[in-house]
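Protein chains in written order, with the working numbering: chain X, 121 to 251; chain H, 177 to 481. To start, the structure itself, in structure tokens.
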């Protein structure tokens with residue numbers, strides 16, 4: 121119920137964020153060739169932190185165990201995180217954070233399966249061949 | 177529908193005290209007031225905080241800048257852009273009440289966004305928090321046509337939460353936020369840099385470099401603003417300073433390479449750009465490759481610098 125409320129709250133704000141993003145480019149003067157703006161450095165820094173966070177979430181014992189069960193090398197899976205789009209990174213982070221605290225094995229399988237699906241999108245893991 | 181009973185109840189049940197009652201209150205009584213009913217108060221609220229930061233502007237002047245008629249309200253992005261236009265730093269606060277109170281204690285009124293409707297049917301409103309009274313657990317706002325609106329902190333938080341806790345102050349360039357919010361502040365200054373407000377951005381970076389000497393971002397920013405002003409030597413020195421703090425800062429290395437190449441030091445530039453390319457994460461790699469190609473096409477060889 122809580123997450124349902126949150127998504128309703130977020131949608132108009134998300135829309136505004138999209139506008140902010142678009143406007144930020146319109147307002148920009150022709151970028152000087154070769155130079156990268158400070159904003160891009162801050163974006164890269166924020167992204168690196170999110171990648172590290174998702175990798176940390178993937179390092180949980182039960183998540184790694186489930187990956188091994190499905191025939192996937194956890195180290196290889198974690199390496200692929202850096203190549204995900206922001207939207208994919210978002211999906212993984214949400215899913216992994218929603219993992220129930222208790223020992224609900226079925227829920228873990230579901231989340232790990234979804235995680236591997238997202239990683240499959242970038243062609244890292246040939247999951248379906250292994251199943 | 178199920179929100180309605182909750183809403184009625186909220187008026188009857190006194191919640192816990194939120195503001196710690198032993199602290200002193202604040203009221204920035206000198207904050208200007210622009211009573212306004214139309215436009216959801218966006219231009220009036222922005223004129224209020226700009227006025228408090230020394231920019232004398234009437235809400236009417238801001239209407240074309242921060243009011244999209246078809247949206248019946250001001251978007252935050254327009255407020256931020258308009259603030260840059262007046263050479264102020266649009267610093268968006270971390271989403272916490274403490275950060276908001278800290279700004280008030282520093283003498284700066286805070287522009288806030290509220291949702292006076294529901295999450296599924298929002299009614300956006302902009303107001304300016306000018307103080308708080310801890311004993312009464314109330315905030316003091318300039319809001320719409322009310323010069324001094326006393327609002328229960330709990331009620332304010334309810335409306336503010338529904339608006340994503342968005343809050344902004346317009347900093348005088350060189351002033352720093354009250355809370356330890358270096359990332360939010362650097363983002364605000366980087367926005368000025370991207371908008372071509374180079375001198376204002378440079379003052380912001382300078383202040384940040386003094387306050388956070390272990391942070392490479394301000395030096396990267398100073399390098400960029402110096403480069404934009406044609407000061408190649410100064411830019412090279414600033415990028416080197418950033419890299420001394422964090423040798424893994426790929427953007428600083430990329431920009432150092434570019435500035436060196438422009439100074440005619442192609443050999444040194446090529447050494448730097450190759451290292452930047454080795455270390456670049458996937459999202460920065462294309463830009464670094466472009467810089468490398470650019471440098472490869474430039475004349476020059478070794479140099480004294």
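Positions of the beta carbon are idealized from the N, C-alpha and C atoms, including for glycine.
Beta-carbon gap between residue i and residue j smaller than 9 Å
i	j	result
residue 445 (chain H)	residue 437 (chain H)	yes
residue 195 (chain H)	residue 277 (chain H)	yes
residue 464 (chain H)	residue 439 (chain H)	no
residue 422 (chain H)	residue 163 (chain X)	no
residue 381 (chain H)	residue 211 (chain X)	no
residue 192 (chain X)	residue 215 (chain X)	no
residue 288 (chain H)	residue 343 (chain H)	yes
residue 212 (chain H)	residue 235 (chain H)	yes
residue 296 (chain H)	residue 317 (chain H)	no
residue 365 (chain H)	residue 339 (chain H)	no
residue 202 (chain H)	residue 281 (chain H)	yes
residue 373 (chain H)	residue 260 (chain H)	yes
residue 251 (chain H)	residue 239 (chain H)	no
residue 257 (chain H)	residue 377 (chain H)	no
residue 467 (chain H)	residue 156 (chain X)	yes
residue 266 (chain H)	residue 410 (chain H)	no
residue 360 (chain H)	residue 268 (chain H)	yes
Host alpha helix (DSSP H) of residue i (start-end)
i	result
residue 187 (chain X)	181-189
residue 327 (chain H)	Note, residue 327 (chain H): premise wrong, no alpha helix (DSSP H); beta strand (DSSP E) at 322-328.
residue 412 (chain H)	408-421
residue 462 (chain H)	461-472
residue 361 (chain H)	358-370
residue 381 (chain H)	374-387
residue 238 (chain H)	235-242
residue 338 (chain H)	Counting along the chain, residue 338 (chain H) falls outside any alpha helix (DSSP H), and DSSP gives it neither H nor E.
residue 436 (chain H)	426-438
residue 201 (chain X)	Per DSSP, residue 201 (chain X) belongs to no alpha helix (DSSP H) and is neither H nor E.
residue 451 (chain H)	442-455
Cutoff 6 Å; reference residue i; Cβ partners in own chain excluding five residues on either side
i	result
residue 393 (chain H)	362
residue 432 (chain H)	415, 448
residue 387 (chain H)	352
residue 279 (chain H)	286, 345, 354
residue 182 (chain X)	228
residue 357 (chain H)	270
residue 379 (chain H)	349, 350
residue 428 (chain H)	396, 415, 418, 419
Start-to-end residues for the beta strand (DSSP E) that takes in residue i
i	result
residue 307 (chain H)	300-309
residue 259 (chain H)	Looking at the DSSP string, residue 259 (chain H) is not in any beta strand (DSSP E); the run it does join, the alpha helix (DSSP H), is 252-261.
residue 290 (chain H)	286-291
residue 268 (chain H)	265-268
residue 316 (chain H)	314-319
Reference residue i, options the options, closest by Cα
i	options	result
residue 306 (chain H)	H:337, H:283, H:375, H:320	H:283
residue 169 (chain H)	H:399, H:323, H:404, H:342	Residue coverage of chain H in this structure runs from 177 to 481, which leaves residue 169 (chain H) outside it and unanswerable.
residue 208 (chain H)	H:214, H:224, H:433, H:319	H:224
residue 335 (chain H)	H:347, H:371, H:200, H:293	H:293
residue 303 (chain H)	H:359, H:315, H:356, H:296	H:315
residue 229 (chain H)	H:256, H:264, H:429	H:264
residue 308 (chain H)	H:328, H:461, H:337, H:295	H:328
residue 166 (chain X)	X:183, X:181, X:238, X:209	X:209
residue 310 (chain H)	H:366, H:192, H:424, H:434	H:192
residue 238 (chain X)	X:203, X:161, X:226	X:203
residue 225 (chain X)	X:189, X:195, X:171, X:168	X:189
residue 205 (chain X)	X:195, X:171, X:233	X:171
residue 236 (chain X)	X:217, X:220, X:194	X:194
residue 173 (chain X)	X:233, X:234, X:217	X:217
Same chain, Cβ closer than 8 Å to residue i, five either side skipped, listed in chain order
i	result
residue 198 (chain X)	175, 178, 179
residue 147 (chain X)	Per-residue confidence for residue 147 (chain X) stands at a pLDDT of 40, beneath the threshold of 50, marking its modelled position as unreliable; no derived number is given.
residue 424 (chain H)	455
residue 217 (chain H)	301, 302, 303, 319, 320
Any non-hydrogen atom of the ligand ZN within 8 Å of residue i CB
i	result
residue 179 (chain X)	No copy of the ligand ZN occurs in the structure displayed, which carries no ligand at all.
Own chain residues within Cβ distance below 7 Å of residue i, not counting five before or after
i	result
residue 324 (chain H)	316
residue 181 (chain H)	Any reading at residue 181 (chain H) must be qualified, since the residue scores a pLDDT of 45, below 50, and its modelled position is unreliable; the value itself is stated next. For residue 181 (chain H), where only same-chain residues beyond five positions count, there are no Cβ hits under 7 Å.
- Task: Select from the stretch 159-190 of chain X all residues with a C-beta closer than 9 Å to any C-beta belonging to chain H, and list them in chain order.
- Result: Answer set for the stretch 159-190 of chain X: 159, 160, 161, 162, 163, 164, 165, 166, 167, 168, 171.
- Message: Closer than 7 Å between beta carbons: that is the criterion. Which residues of the stretch 205-232 of chain X meet it against chain H?
- Response: Of all residues in the stretch 205-232 of chain X, none has a C-beta nearer than 7 Å to a C-beta of chain H.
- Query: What residues in the stretch 351-363 of chain H have a beta carbon less than 9 Å from any beta carbon of chain X?
  - Reply: Listed by position, the residues of the stretch 351-363 of chain H near chain X (Cβ gap below 9 Å) are 359, 362, 363.
- Query: Between the stretch 449-466 of chain H and chain X, which residues of the former have CB atoms less than 7 Å from a CB of the latter, in chain order?
  - Reply: Of all residues in the stretch 449-466 of chain H, only 457, 458, 459, 460, 463 come within less than 7 Å of chain X when Cβ atoms are compared, listed by chain position.
- Members of the stretch 363-381 of chain H that neighbour chain X once the beta carbon cut-off is set at 9 Å: 363, 365, 366, 367, 369, 370, 371, 372, 377, 381: these are the residues of the stretch 363-381 of chain H whose beta carbon lies less than 9 Å from some beta carbon of chain X, given in chain order.
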